[in-house]
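Undergrad:
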Amino acid sequence: MSEIPAYTLYGEERFLPDALHIEAIKDRAGTLDWSISAHQHPHLHQLFLIEAGGVTLRVEGEAQRPELPCLISIPRGVVHGFTFTPGTRGWVITVQTAALPDMFAPASDLAGVLAAWGIVPGTGVMRQTAMALAAEHAQPDKGRATMLRALAAQMLCQAARALPDPQAQAPGTRAAEILAGFEHLLQTHVRNRWQVADYATALALTPTHLSRVLRAATGQSASATIEARTFQEACRQLAYTRLDVRQIGFDLGYEDPAYFSRQFRRHVGVTPSAYRKRVNAG
Numbered sequence: 001m002s003e004i005p006a007y008t009l010y011g012e013e014r015f016l017p018d019a020l021h022i023e024a025i026k027d028r029a030g031t032l033d034w035s036i037s038a039h040q041h042p043h044l045h046q047l048f049l050i051e052a053g054g055v056t057l058r059v060e061g062e063a064q065r066p067e068l069p070c071l072i073s074i075p076r077g078v079v080h081g082f083t084f085t086p087g088t089r090g091w092v093i094t095v096q097t098a099a100l101p102d103m104f105a106p107a108s109d110l111a112g113v114l115a116a117w118g119i120v121p122g123t124g125v126m127r128q129t130a131m132a133l134a135a136e137h138a139q140p141d142k143g144r145a146t147m148l149r150a151l152a153a154q155m156l157c158q159a160a161r162a163l164p165d166p167q168a169q170a171p172g173t174r175a176a177e178i179l180a181g182f183e184h185l186l187q188t189h190v191r192n193r194w195q196v197a198d199y200a201t202a203l204a205l206t207p208t209h210l211s212r213v214l215r216a217a218t219g220q221s222a223s224a225t226i227e228a229r230t231f232q233e234a235c236r237q238l239a240y241t242r243l244d245v246r247q248i249g250f251d252l253g254y255e256d257p258a259y260f261s262r263q264f265r266r267h268v269g270v271t272p273s274a275y276r277k278r279v280n281a282g
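Residue numbers (the UniProt record's numbering): 1 to 282.
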């Protein structure tokens, strides 16, 4: 699994400041000869609402050519790729699982159905939600982050209600339960600077076992996953608050502002100030 590319958005490694990202299929696939090679997203759930055209989906080694319009739900860690008919119309909605813990936490009544990939008919209601998401995502208006989370939750609920009953599917694996529990703890303790041993203890695992499960599922070690989530949170704070860089570093457990800035640049590729300027510039 570690040899399969793992991205945020396809072909990118940058962090997403929003709870979700939405783009037209043509915006990315159209620049890549309408072909997306096999890859995975360790911490993202994707919904593909395909309205017209054609698509061949390759997921976990299986090929599917669904009738359109359709909605394709791809959970985190599921290897997938596409070949689209040129000119295919639709949307790609990418949701950060950590941003919506109520949807993906083990106790959620949606977590089970969203944990398995699936294809369901696309509906007019789904299209309306996607259009609202695209409009909200494009405008830096008041309450934008809250609206994006609300609309993402609405879209996920629409998908989950259309997908097969999870009781009819094979039960989740222990690895999937561990991954879900770890994601939930990351959301809760990202500001506490928990180490791998702290997460392992909370999950009743050894640090070695936790890292082994995460590496097999995502291609990343536990420590790398924790660091990635920490700087994802830093990106959000820079994008959506007016806290200075020093305070953001303190809040995330970095007592040395210079060290925090160096680590941020190592993970994100630019300094915190440059990242904030870039986001604010649109």
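Beta carbons: idealized from backbone N, C-alpha and C, even for Gly.
Taking DSSP as the reference, what is the three-state secondary structure of residue 272?
TA: The answer is helix: DSSP assigns residue 272 an H, G or I state.
Undergrad: Within the continuous beta strand (DSSP E) that includes residue 96, where are the two ends?
TA: Where residue 96 is concerned, the enclosing beta strand (DSSP E) stretches over 89-96.
Undergrad: Nearest by alpha-carbon distance to residue 272: which of 192, 251, 83 and 231 is it?
TA: It is 231 whose Cα lies nearest to the Cα of residue 272.
Undergrad: Taking the Cβ atom as the reference point for each residue, do residue 229 and residue 98 lie within a distance shorter than 8 Å?
TA: A contact, by the Cβ cut-off of 8 Å.
Undergrad: Could you check the C-alpha separation between residue 41 and residue 81 for me, to the nearest Å?
TA: Answer to the nearest angstrom: the Cα atoms are 12 Å apart.
Undergrad: Does DSSP put residue 39 in a helix, in a strand, or in coil?
TA: In the structure shown, residue 39 sits in a strand (DSSP, three-state: E or B).
Undergrad: Report yes if the C-beta distance between residue 25 and residue 65 is below 8 Å; otherwise report no.
TA: No, these two residues do not count as a Cβ contact at 8 Å.
Undergrad: Considering Cα atoms alone, identify which of 121, 44, 39 and 267 is closest to residue 104.
TA: When only C-alpha atoms are compared, the closest one is 44.
Undergrad: Starting from residue 161, follow the alpha helix (DSSP H) in both directions and report where the run begins and ends.
TA: From DSSP, the alpha helix (DSSP H) with residue 161 extends over 144-162.
Undergrad: By alpha-carbon positions, which one of 233, 118 and 275 ends up nearest to residue 58?
TA: Minimum Cα distance to residue 58 is reached at 118.
Undergrad: Under a three-way DSSP split, which group does residue 121 fall into?
TA: Residue 121 falls in the strand class under three-state DSSP.
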